[in-house]
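Novice: Per the numbering used here, the very first residue in the sequence shown carries number 5; after that it's consecutive.
The C-beta atom is built at its ideal place from N, Cα and C for all residues, glycine as well.
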Amino acid sequence: MSELVKKKNQNIDELNEARRLRQRAGLLEQKSHVRARLRQLMEVSKDPYYDRYLAQMMKDLESGKATPEQVEREAQRSYYKYRQRMAQIEQKKIMDYPPPGTAADVAAISGQNLTRIANPVVEPSTWRHESQERKSITAVSGAKRAESERKKNIEFKVGVHVFSMLGAAFVLMAFVIFGFYFLNGLVQGLCLYGTALVLTIISQLILWKKKGNQFSYKFWHVITGIGIGGLYAANLINYLALHTINGVTAMVITLVIAVGALFLSRKKDSTAIRIIGLMGCYICFLPVQGIQTDFEFLMISAMLLFINVWSVFAEKRNGQSMADIVHLALNLVFTFIFMRVTWSEDISVVYRVLYVITSFAFVNILSLKKCIQGNTFLFSAGCIVNGIYIYLLFMLGNFALEVKGQPEMALFVHLIMEALVISICGVIFLLWPKDSGRRWAQLYYGVSTVLLLGSFSNYPLEIVLCLLVSLLITKIFAGHKEMIVLDCIVVFWVGIRGFLLMDSWYCWLLAIALILSAVRIKYMYLYHEIVITISILLICWSAFSFYLYKEYDLGRGWLYPVSAGLLLILFLLFNHLPGLKDKNQQVYNRINLVFMLLYYLGVWFCQSYVLSSIMMVMGAAAMIIVFRKRYSMELSGKYLILVGFLTYFTLTGHYGSPVIVSIFLMVISLFCVGVGFKFSDKKERICGLVMAAFVCLKLIVYDFREVGAAYRVIVFFAVGIIALLISFIYVKLEKISNNLGESVGVETGTQEYEAKKDEC
Numbered sequence: 005m006s007e008l009v010k011k012k013n014q015n016i017d018e019l020n021e022a023r024r025l026r027q028r029a030g031l032l033e034q035k036s037h038v039r040a041r042l043r044q045l046m047e048v049s050k051d052p053y054y055d056r057y058l059a060q061m062m063k064d065l066e067s068g069k070a071t072p073e074q075v076e077r078e079a080q081r082s083y084y085k086y087r088q089r090m091a092q093i094e095q096k097k098i099m100d101y102p103p104p105g106t107a108a109d110v111a112a113i114s115g116q117n118l119t120r121i122a123n124p125v126v127e128p129s130t131w132r133h134e135s136q137e138r139k140s141i142t143a144v145s146g147a148k149r150a151e152s153e154r155k156k157n158i159e160f161k162v163g164v165h166v167f168s169m170l171g172a173a174f175v176l177m178a179f180v181i182f183g184f185y186f187l188n189g190l191v192q193g194l195c196l197y198g199t200a201l202v203l204t205i206i207s208q209l210i211l212w213k214k215k216g217n218q219f220s221y222k223f224w225h226v227i228t229g230i231g232i233g234g235l236y237a238a239n240l241i242n243y244l245a246l247h248t249i250n251g252v253t254a255m256v257i258t259l260v261i262a263v264g265a266l267f268l269s270r271k272k273d274s275t276a277i278r279i280i281g282l283m284g285c286y287i288c289f290l291p292v293q294g295i296q297t298d299f300e301f302l303m304i305s306a307m308l309l310f311i312n313v314w315s316v317f318a319e320k321r322n323g324q325s326m327a328d329i330v331h332l333a334l335n336l337v338f339t340f341i342f343m344r345v346t347w348s349e350d351i352s353v354v355y356r357v358l359y360v361i362t363s364f365a366f367v368n369i370l371s372l373k374k375c376i377q378g379n380t381f382l383f384s385a386g387c388i389v390n391g392i393y394i395y396l397l398f399m400l401g402n403f404a405l406e407v408k409g410q411p412e413m414a415l416f417v418h419l420i421m422e423a424l425v426i427s428i429c430g431v432i433f434l435l436w437p438k439d440s441g442r443r444w445a446q447l448y449y450g451v452s453t454v455l456l457l458g459s460f461s462n463y464p465l466e467i468v469l470c471l472l473v474s475l476l477i478t479k480i481f482a483g484h485k486e487m488i489v490l491d492c493i494v495v496f497w498v499g500i501r502g503f504l505l506m507d508s509w510y511c512w513l514l515a516i517a518l519i520l521s522a523v524r525i526k527y528m529y530l531y532h533e534i535v536i537t538i539s540i541l542l543i544c545w546s547a548f549s550f551y552l553y554k555e556y557d558l559g560r561g562w563l564y565p566v567s568a569g570l571l572l573i574l575f576l577l578f579n580h581l582p583g584l585k586d587k588n589q590q591v592y593n594r595i596n597l598v599f600m601l602l603y604y605l606g607v608w609f610c611q612s613y614v615l616s617s618i619m620m621v622m623g624a625a626a627m628i629i630v631f632r633k634r635y636s637m638e639l640s641g642k643y644l645i646l647v648g649f650l651t652y653f654t655l656t657g658h659y660g661s662p663v664i665v666s667i668f669l670m671v672i673s674l675f676c677v678g679v680g681f682k683f684s685d686k687k688e689r690i691c692g693l694v695m696a697a698f699v700c701l702k703l704i705v706y707d708f709r710e711v712g713a714a715y716r717v718i719v720f721f722a723v724g725i726i727a728l729l730i731s732f733i734y735v736k737l738e739k740i741s742n743n744l745g746e747s748v749g750v751e752t753g754t755q756e757y758e759a760k761k762d763e764c
């Protein structure tokens, strides 16, 4: 019985699950249908406000805030309103610019347009047919109408916007002049505030009553801007002319006016009010009478930071590019003015640094918000402004009066700058969307700040640490394509600074870091290999020419074997690293070989047989290693080249006795003969024999007269032994060759006999 109940319950659960899945499938299908309808309306729509409304309906549908039935009903209702509005606009255009055809043509055009608006889904052939008919009707007047519309738009833009701003500016100038020259009391100063405030309130009340009139809307927005500007002007007059308020009160009132103006611009969605509010705020904060104390400077900095950030988050429209550009320009210009005033007022450099960093943070926040909203135009302007701010930080950290000649103070300021900038860049980097390539600009800002500040420090340890940290951070993220430029710049700059650290052993730390950085070469591998190689060579030259020579009295000639050895190490490193061994290294290998050749030829100027001997051995090893097929450097006569190289170093090695030269040459000839027999190369064997004969002739003609009896015995004995070895090699190899020939002959005869036997 229990099994039947259990089975029955299981069947009920399965039925419920099937019903739930069917309902879910129906809901998804209905959502898909409504979603397709909304996308269809978006394609047809020519109104940005209607597009935004459709996008909001799409979000509500996806998030589940509204059911598909509700969204579909609202879409139908809103589309009906949209059709009516677009039909009115189309009719108005036709009435304003009638074509030169007949009234029937006009009616045809109107009917076609209204039909298209009423039916968003039209066959492509119908669209093409209507378009061709319309083009044929309006072909004569199209150009004239477009030209007249363009001129009319320019005319109305100049009339509405330019003259409204001019009128507002002149009215405010008159207001300011009146206050400066005709007012002199507290009550009159308060009346200025009241007049401007009343003007603002009246304009907003009129705007509230005349919402539908576009002309009144724009005109009374200008009046509102005049009222807000009047509040700022009243503040300036009361502070500078009437002296009814002090500096702190003036700043607080300015802050209140700016917050109110930005709130009003958000409420009314007005760009003009926002620009006027920001401009008035910056003008009122200008330190006309100087900055008396550090506290006053900090108050201004905090208020401006609040206004800047509030302005970013107060607006609700995405496309205010002009207002944002004006805001960036105001912030940049005011920062320069502020720095100029504080420089002369002897404000602490730490406070000035804090102000510049707050401006830097504001630009980053503004760029982040706008780019997330889709306005990428502001990103380029933000990058330029941030670059200027980083340059200002560099100037403050290295050329301010408080840090000149005071390395401890400069180090303290550098640490503050680097810590704050890196913190801001890190936070903004995490706030950016992970799929956005623009987030990597924060890494550019942080690394650039550390490089500029640390590279010009008076402490070598700070220089090295900043360079190492920058190189480490860059190499960690070197796998991203956005980091290619920064990676190239950092590697180049580390090499240059390592070369300039010629009076310290820290340059070797940078050289080791550059060699290790080859592990993280991801892009531009040839550039990195060449830069690292040249940087290592320059660091070696500076170290051997200055630091090692002065501190340890080490001869400058040791530069040649050390540099040649490092070149060989770099050659092997770049050809065997996992990320580089599959690359085409032929160009780099040849460049590396040219550098090696220069060092091997340059050791002659040292006139030291010790260095020449070391270079000869290293060169022989390098030639055996380098000239291989896997490095695309294989040569057919590489052993002849090696013999020539050894002969050159033997003859130019500055050896004190010709006996040593003769012994070396005889050893080289023996080596040449042996290699010739091993690889069955007749040219190398003949070369060895000729060289041996030349050495024997040299012994008789030159060495016999130049050395004493003891040296004669030694050299003749050594050369004789080597000659006998050459003869023994020839005898041994001749016997092997004869035996090989006999065996080949016997085998050939056997094969011929077998062939004849088969024929028989």
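Inspect the CB distances between the segment 298 to 317 and the segment 355 to 374 and report whether three or more fall short of 8 Å.
Specialist: Contact holds: three or more Cβ-Cβ distances are below 8 Å.
Novice: Return yes when the Cβ of residue 354 is within less than 8 Å of the Cβ of residue 420, no when it is not.
Specialist: Yes. Within cutoff.
Novice: Taking the alpha-carbon of residue 426 as reference, which of 414, 447, 471 and 573 has the nearest alpha-carbon?
Specialist: Nearest of 414, 447, 471 and 573 to residue 426, Cα basis: 447.
Novice: Sort 373, 328, 582 and 302 by Cα distance to residue 358 and report the nearest one.
Specialist: When only C-alpha atoms are compared, the closest one is 302.
Novice: For residue 660 and residue 541, what's the separation of their Cα atoms in angstroms?
Specialist: C-alpha separation (whole angstroms): 31 Å.
Novice: Once DSSP output is grouped into helix, strand and coil, what is the label at residue 460?
Specialist: If DSSP states are grouped into helix, strand and coil, residue 460 belongs with coil.
Novice: State the DSSP-derived secondary structure class of residue 436, mapped to helix, strand or coil.
Specialist: Note: residue 436 maps to coil in three-state DSSP.
Novice: In angstroms with no decimal places, state the Cα-to-Cα distance between residue 229 and residue 262.
Specialist: Distance between the alpha carbons of residue 229 and residue 262 is about 12 Å.
Novice: Residue 607 and residue 564 - do their beta-carbons sit closer together than 8 Å?
Specialist: A contact, by the Cβ cut-off of 8 Å.
Novice: Figure out for me which residue from 279, 298, 347 and 284 has the closest Cα to the Cα of residue 316.
Specialist: That would be 279, whose Cα lies nearest to the Cα of residue 316.
Novice: Return the CA-CA distance between residue 552 and residue 572, expressed in angstroms with no decimal places.
Specialist: If I take the Cα positions, the gap works out to 22 Å.
Novice: If you check the beta carbons only, do residue 670 and residue 699 fall under 8 Å apart?
Specialist: Yes, the pair counts as a contact, with Cβ atoms nearer than the cut-off.
Novice: Quick check: the Cα distance between residue 336 and residue 389, rounded to an integer number of angstroms?
Specialist: Distance between the alpha carbons of residue 336 and residue 389: 7 Å.
Novice: Do you know offhand how far residue 412's Cα is from residue 401's?
Specialist: Each residue's Cα considered, the two are about 12 Å apart.
Novice: Can at least three beta-carbon pairs, one atom from the segment 673 to 693 and one from the segment 622 to 634, be found at a separation below 8 Å?
Specialist: No, the segment 673 to 693 is not in contact with the segment 622 to 634.
Novice: Just the C-alpha distance for residue 35 and residue 43, rounded to the nearest angstrom, thanks.
Specialist: In a straight line, the C-alpha of residue 35 is about 12 Å away from that of residue 43.
Novice: Using the three-state DSSP reduction, which class does residue 478 fall into: helix, strand or coil?
Specialist: In the structure shown, residue 478 sits in a helix (DSSP, three-state: H, G or I).
Novice: What residue from 497, 383, 415 and 461 has the CA that sits closest to residue 444's CA?
Specialist: Measuring from the Cα of residue 444, the nearest candidate turns out to be 383.
Novice: Give the straight-line distance between the Cα atoms of residue 249 and residue 341, rounded to the nearest whole angstrom.
Specialist: Rounded to whole angstroms, residue 249 to residue 341 spans 24 Å at the Cα level.
Novice: With a CB to CB cut of under 6 Å and the five nearest residues on each side skipped, what residues in its chain are close to residue 120?
Specialist: Residue placement at residue 120 is poorly supported in this model, since its pLDDT is 40, which falls under 50; the coordinates still yield a value, given next. So the list is empty, once near-sequence residues are dropped.
Novice: Is DSSP giving residue 92 helix, strand or coil here?
Specialist: Looking at residue 92 - three-state DSSP - the assignment turns out to be helix.
Novice: According to DSSP, is residue 314 helix, strand or coil?
Specialist: Residue state, collapsed to three classes: helix.
Novice: Where do the ends of the alpha helix (DSSP H) carrying residue 540 lie?
Specialist: Note, residue 540: alpha helix (DSSP H), 529 to 546.
Novice: State the Cα-Cα distance for the pair residue 391 and residue 632, rounded to the nearest angstrom.
Specialist: Going from the Cα of residue 391 to the Cα of residue 632 covers about 49 Å.
Novice: Quick check on the DSSP output: the alpha helix (DSSP H) that includes residue 498 runs from which residue to which?
Specialist: Its alpha helix (DSSP H) spans residues 488 to 504.
Novice: Please return the same chain residues whose Cβ sits closer than 8 Å to the Cβ of residue 1, not counting the five positions on each side in sequence.
Specialist: What the structure shows of the chain is the stretch from 5 to 764, and residue 1 is not part of that stretch, so it cannot be assessed.
Novice: Give the single residue among 602, 240, 178 and 638 whose Cα lies nearest to the Cα of residue 773.
Specialist: Because the chain here runs from 5 to 764, residue 773 falls outside it and cannot be looked at.
Novice: Using the C-alpha atoms, what's the distance from residue 88 back to residue 118?
Specialist: Note that residue 118 has pLDDT 37, beneath the 50 cutoff, so the model's placement of it is unreliable and the number below is only indicative. Each residue's Cα considered, the two are about 9 Å apart.
Novice: Could you check what DSSP says for residue 696 in three-state terms: helix, strand or coil?
Specialist: Note: residue 696 maps to helix in three-state DSSP.
Novice: Tell me which residues share the same chain as residue 721 and place their Cβ nearer than 7 Å to its Cβ, disregarding the 5 neighbours each side in the sequence.
Specialist: Contacts found: none.
Novice: Give the single residue among 329, 339 and 403 whose Cα lies nearest to the Cα of residue 371.
Specialist: Ranking the options by Cα distance to residue 371, first place goes to 329.
Novice: The alpha helix (DSSP H) that contains residue 264, what's its start and end?
Specialist: 251 to 272 is the span of the alpha helix (DSSP H), which, as asked, contains residue 264.
Novice: Just the C-alpha distance for residue 381 and residue 556, rounded to the nearest angstrom, thanks.
Specialist: If I take the Cα positions, the gap works out to 58 Å.
Novice: Straight-line CA distance for residue 504 to residue 298?
Specialist: Answer to the nearest angstrom: the Cα atoms are 39 Å apart.
Novice: So is residue 562 in contact with chain C if we call contact Cβ pairs under 8 Å?
Specialist: The question asks about chain C, but that chain is absent: this structure has only one protein chain.
Novice: Run through DSSP, which three-state label would residue 1 get?
Specialist: There is no way to answer for residue 1, as the model of the chain reaches only from 5 to 764.
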